[in-house]
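Written below as structure tokens is the structure these notes are about.
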Amino acid sequence: MINAEGCRLMPYLDLSGAPIHHWQKGATIGVGHLIIRQQWPRFANGIDRNWAESLLRQDLRHVELGVLDRLEACRPWVGARGLRQHQFDALVLLAFNIGLAAFSNSSLVAMLCDSRTVTPYATLEQAWLAWKYAGGEVMPGLERRRAEEWRIFKEGDYGPDI
């Protein structure tokens with residue numbers, strides 16, 4: 009996860025990666041930790057690696073529980089138990105990057121919940137790989153990341169970058 013997200017010890021803007029010196033929407037630190045306005049004073053002067061890893065553990069736990077809750081809501085008889093560990097891991101990686109709200113309301117989750125759901129995508133893979141835009145533009149980094157996540161989901165191949 010740290011290899012995929014990167015670890016920044018000073019605040020930066022999520023989309024551009026530009027360093028920031030005052031709170032702005034999209035303020036981020038550590039391994040993709042979004043800073044809410046009220047937290048800015050705690051993070052304005054940066055953090056150390058241990059703090060970054062602690063934030064990552066907290067954020068990942070929150071995302072894991074969110075993914076579990078969403079799958080349990082739509083598949084109460086199976087929930088996440090119907091997934092292999094690598095599939096769950098890939099879903100968590102995706103949800104961590106796109107956010108739990110976007111994940112929960114995605115065509116991908118709708119298709120996981122009910123394969124008969126009509127979406128703009130013919131396959132689960134297409135629904136997954138569609139999450140490649142930022143600011144309305146295709147981002148090569150997101151294309152790579154989605155391909156890596158899909159490889160994990162489909163094949164259980166974590167590769168060197170995850």
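For what it's worth, my numbering labels the leading residue of the sequence shown as 9, then goes sequentially. Note that the Cβ used here is the ideal one computed from N, Cα and C, for glycine as well.
*Who are the Cβ neighbours of Gly-74 in its own chain at under 6 Å, not counting the five residues just before and after it?*
As a working note, residue 74 is residue 66 in the sequence shown. The answer, listed in chain order, is Leu-108.
*Beta-carbon proximity list for Gln-83, same chain, < 7 Å, skipping 5 on both sides*: Indexing the sequence shown from 1 puts residue 83 at position 75. The sequence given here places Arg at residue 83; Gln does not occur at that position. So the list reads Gly-90, Cys-121, once near-sequence residues are dropped.
*Please specify which runs of the alpha helix (DSSP H), each continuous and at least 4 residues long, are wholly inside the region 61-116, giving them in chain order.*
93-106, 108-112
*Do you know how far the Cα of His-41 is from the Cα of Leu-21?*
Indexing the sequence shown from 1 puts residue 21 at position 13. Indexing the sequence shown from 1 puts residue 41 at position 33. If I take the Cα positions, the gap works out to 11 Å.
_What would DSSP say about Ala-130, mapped onto helix, strand or coil?_
Taking the sequence shown and counting its residues from 1, one reaches residue 130 at position 122. In the structure shown, Ala-130 sits in coil (DSSP, three-state: anything other than H, G, I, E or B).
*Does the Cβ of Gly-149 have 16 or more other Cβ atoms within 10 Å, making it buried, or fewer, making it exposed?*
Here residue 149 refers to the residue found at position 141 of the sequence shown. Gly-149 comes out exposed.
*Should Glu-157 be labelled buried (16 or more other beta-carbon atoms within 10 Å of its own) or exposed?*
Along the sequence shown, one-based indexing puts residue 157 at 149. Glu-157 comes out buried.
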